[in-house]
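Here the structure comes first, spelled out in structure tokens, and everything after it is commentary.
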Amino acid sequence: METETRMSREAWVRATDASDLVHSEVISLRTTVLGQISEIRELQAADRRRQTVISELLRIDHRRSTETSELRTALQGQV
11 METETRMSRE
21 AWVRATDASD
31 LVHSEVISLR
41 TTVLGQISEI
51 RELQAADRRR
61 QTVISELLRI
71 DHRRSTETSE
81 LRTALQGQV
């Protein structure tokens, strides 16, 4: 009976240690994931800003192209 009790305690200690280890690992992974989520949000915000700048540059380029075409047409009409 004493051997059985000792083995039971040892098994309980090993199970508790394993549980504590898994719990620590879960907490560590959770911290990592939360950090990555934060980084993803920052990257998404930066991408939105980049897309806004690209759209604005395309709009400006289109306007410049239109103005150049209109000026070219006007100059050809004067010749």
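Terminal number for the sequence shown in our numbering: 89, no gaps in between.
All residues carry an ideal CB built from backbone N, CA and C; glycine is no exception.
Quick caveat, the model's predicted, so the values are computed rather than measured.
Straight-line gap, residue i to residue j (C-alpha atoms, nearest Å)
i, j, result
"L31", "S38", "11 Å"
"S48", "S65", "26 Å"
"L68", "E80", "18 Å"
"I50", "A56", "10 Å"
"R19", "H33", "21 Å"
"A25", "R58", "49 Å"
"A21", "T15", "10 Å"
"Q88", "T78", "15 Å"
"T13", "V43", "44 Å"
"T156", "R74", "Residue 156 lies beyond the range of the chain shown here (11 to 89); nothing can be said about it."
Considering only residues of the segment 23 to 85, which uninterrupted beta strand (DSSP E) runs meet the minimum length of 3 residues and lie entirely inside it, listed in chain order? Those beta strand (DSSP E) runs which fall completely within the segment 23 to 85 and span 3+ residues do not exist here.
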